[in-house]
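Going by numbering that gives the first Met the number 0, the residue at position 300 of the sequence shown is 299; the numbering climbs one at a time, nothing skipped. In this text, a Cβ means the ideal position worked out from N, Cα and C, and glycines have one as well.
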Amino acid sequence: MTDANEAAWTAEGGKAIPNAVNESSEGTGFQPGDGVVEEASEPQEVSSPNRTPEEEFLAQMLAATGATNLEEAGLYDPAEVAAEEELIEEEMSPEERQAKAEHDALVAAFDMIRERSNEGKLTTPGTWAAAGIVPDHLIPVDFSDLAFDEIIAAQAASAAAKEVAEEAAQAAVADADAVSADSSVEDVAVSGSKVDEAADENAPSVDEGDSLDSEIETPEWKLDDIKVLEGKQTYLYSSDYMTDTYAHWAFLAEEGDDALTLVDNAREESRLYPRPMLAASLSSKPYYWNAEQIEQAWQAVQESGSYPDIKTCEASNGERYFYSTDYLSDAQAKALAEWYSVERYMNV
0 MTDANEAAWT
10 AEGGKAIPNA
20 VNESSEGTGF
30 QPGDGVVEEA
40 SEPQEVSSPN
50 RTPEEEFLAQ
60 MLAATGATNL
70 EEAGLYDPAE
80 VAAEEELIEE
90 EMSPEERQAK
100 AEHDALVAAF
110 DMIRERSNEG
120 KLTTPGTWAA
130 AGIVPDHLIP
140 VDFSDLAFDE
150 IIAAQAASAA
160 AKEVAEEAAQ
170 AAVADADAVS
180 ADSSVEDVAV
190 SGSKVDEAAD
200 ENAPSVDEGD
210 SLDSEIETPE
220 WKLDDIKVLE
230 GKQTYLYSSD
240 YMTDTYAHWA
250 FLAEEGDDAL
260 TLVDNAREES
270 RLYPRPMLAA
280 SLSSKPYYWN
290 AEQIEQAWQA
300 VQESGSYPDI
310 KTCEASNGER
320 YFYSTDYLSD
330 AQAKALAEWY
340 SVERYMNV
C-alpha cells in the first residue's frame with residue numbers, strides 16, 4: 000500500500016477501515032476528503048429572526064430536552080397558566096370565588112409570617128391589612144379571626160395525628176413484646192403485619208378524587224411552626240426561622256416598655272452566661288437604642304422601684320454594664336465587666 004493510501008484510512012466504530020481511494024486512484028485528481036466517512040451531525044435548532052427573546056429561550060430549552068412542547072419539558076407558559084386560572088375563576092360560583100380568595104390570602108399570610116421571621120421581624124394582623132392581602136369580601140378583623148382559626152385547627156389536627164402515631168408505635172412495641180421467644184419467623188411476620196394493619200386503620204384517609212373546591216374548604220395546613228405572643232398586640236412568628244429567645248426580645252422591642260426590656264435583658268444575660276450585660280448591646284438589633292434611650296430606660300428602672308435586683312457597674316475603660324444580683328454578686332459583675340472590656344484584649 001502506498002503512503003497516500005495508508006494516510007487515507009479512517010477510524011469508525013472502533014475499527015480501522017480503508018478510504019474509498021485505493022491504489023488505482025493515483026493520479027485521478029484525488030482531492031483531500033474525497034471518500035472520507037464523516038460522522039453525521041445532529042440536527043441543529045435554527046434561530047429565527049422573528050422570535051422574541053422569550054420565544055428563542057423556550058425554543059432552545061425544548062431543543063435541549065428533546066421535547067416537542069412545553070408540557071413535555073416540564074415548562075409552562077405563564078400567560079397560558081394565568082389565562083387558564085382566570086377561566087376557572089370565571090366559571091366559579093360567588094361562594095367558590097370567595098373560598099378561593101380566602102385560601103390564597105391565607106397562603107400569603109402564612110408565607111409572610113415565615114418571610115418576616117427570617118428577617119428578624121414579628122408579624123401582626125395589621126401587617127396583613129397593610130400588605131393588602133385581606134380578601135375584598137372580608138374586613139381585616141374577620142380575616143385575622145379566620146387565620147387564627149386555621150392555625151388553631153391545623154395545630155390541633157397535627158397534635159391528634161402525632162398522638163395516633165405514638166399510640167400505634169406503643170401498640171407495635173407491646174405486640175412485639177408479647178411474641179414469645181420460641182415463636183417462629185412466620186408468627187413474628189404475621190404479628191408485624193397485624194400491627195401494620197392497625198396503623199393503617201388509624202391513619203387518616205385521603206380521597207384522591209377530592210376536587211380543588213374541597214381542598215380550598217378544608218386545606219391541610221402545616222402550621223406547627225407558627226407561634227403567638229400576646230401583648231398590647233398579637234404577634235406571630237415562625238420557630239423555623241426565629242428562635243423563641245429572639246422572638247421574646249423582638250416582642251419587647253415592639254411593646255415599647257423600655258424599662259422592662261432593660262431588666263429582662265440584664266437578668267437573662269446574668270442568668271444564662273453568667274455575665275453582666277454590656278449597655279451598648281441595646282443599640283443592636285432588634286432595639287437600636289441610642290445612648291440617650293439607654294440612659295432614660297435606666298432612669299425608669301430606678302424610679303419604678305420594681306426591680307431592686309438590677310444594678311449597674313463600669314469597667315476601667317468606661318464601658319457600662321447592667322446585671323441582676325439574683326445571679327451575680329457585685330464583685331462578680333465588676334470583675335467580669337473588667338474582663339470582657341479590658342483584660343481579655345490584653346491576653347490576645
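Would residue i and residue j be called neighbours here (beta carbons separated by less than 7 Å)?
i, j, result
"residue 367", "residue 273", "The chain is shown only over 0 to 347; residue 367 falls outside these bounds and no answer can be derived."
"residue 341", "residue 309", "no"
"residue 112", "residue 235", "yes"
"residue 336", "residue 312", "yes"
"residue 278", "residue 323", "no"
"residue 258", "residue 328", "no"
"residue 92", "residue 240", "no"
"residue 242", "residue 251", "no"
What separation, rounded to the nearest whole angstrom, lies between the Cα atoms of residue i and residue j?
i, j, result
"residue 216", "residue 332", "For residue 216, the pLDDT reaches just 44, beneath the cut-off of 50, and the residue's location in the model is therefore unreliable, although a value from the coordinates is still provided. Answer to the nearest angstrom: the Cα atoms are 58 Å apart."
"residue 269", "residue 144", "40 Å"
"residue 68", "residue 83", "17 Å"
"residue 114", "residue 104", "15 Å"
"residue 244", "residue 133", "30 Å"
"residue 124", "residue 288", "26 Å"
"residue 293", "residue 148", "40 Å"
"residue 94", "residue 267", "51 Å"
"residue 232", "residue 127", "14 Å"
"residue 349", "residue 71", "Missing from the structure shown is residue 349; the chain here goes from 0 to 347 and no further."
"residue 178", "residue 325", "56 Å"
"residue 66", "residue 157", "42 Å"
"residue 52", "residue 64", "19 Å"
"residue 77", "residue 146", "29 Å"
"residue 87", "residue 161", "37 Å"
"residue 174", "residue 305", "58 Å"
"residue 221", "residue 79", "30 Å"
"residue 317", "residue 307", "23 Å"
"residue 301", "residue 321", "12 Å"
"residue 118", "residue 283", "15 Å"
"residue 229", "residue 344", "42 Å"
"residue 140", "residue 85", "28 Å"
"residue 62", "residue 49", "17 Å"
"residue 163", "residue 176", "20 Å"
"residue 171", "residue 159", "18 Å"
"residue 169", "residue 138", "47 Å"
"residue 373", "residue 90", "Absent from the structure is residue 373, since the part of the chain shown begins at 0 and ends at 347."
"residue 56", "residue 129", "38 Å"
"residue 58", "residue 102", "35 Å"
"residue 54", "residue 290", "58 Å"
"residue 346", "residue 165", "54 Å"
Taking C-alpha atoms, which residue in the options lies nearest to residue i?
i, options, result
"residue 298", "256, 336, 57, 345", "256"
"residue 280", "140, 319, 303", "319"
"residue 131", "107, 116, 278", "107"
"residue 315", "329, 64, 338, 327", "338"
"residue 254", "303, 121, 300, 98", "121"
"residue 97", "55, 176, 129, 136", "136"
"residue 238", "109, 87, 344", "109"
"residue 142", "165, 100, 170", "100"
"residue 330", "275, 300, 290, 166", "275"
Exercise. Is there contact here, the stretch 219-231 with the stretch 146-153, by at least three beta-carbon pairs under 8 Å?
Worked result: yes
Problem set entry | Segments of 3+ residues assigned as beta strand (DSSP E) that fall wholly inside the stretch 280-345 | 309-313, 319-323
Problem set entry | Length at least 3, wholly inside the stretch 213-247: the beta strand (DSSP E) runs in chain order | 225-229, 233-237
For this session: Enumerate, from N- to C-terminal direction, the unbroken alpha helix (DSSP H) stretches of 4 or more residues contained entirely within the stretch 113-173.
Result: 124-130
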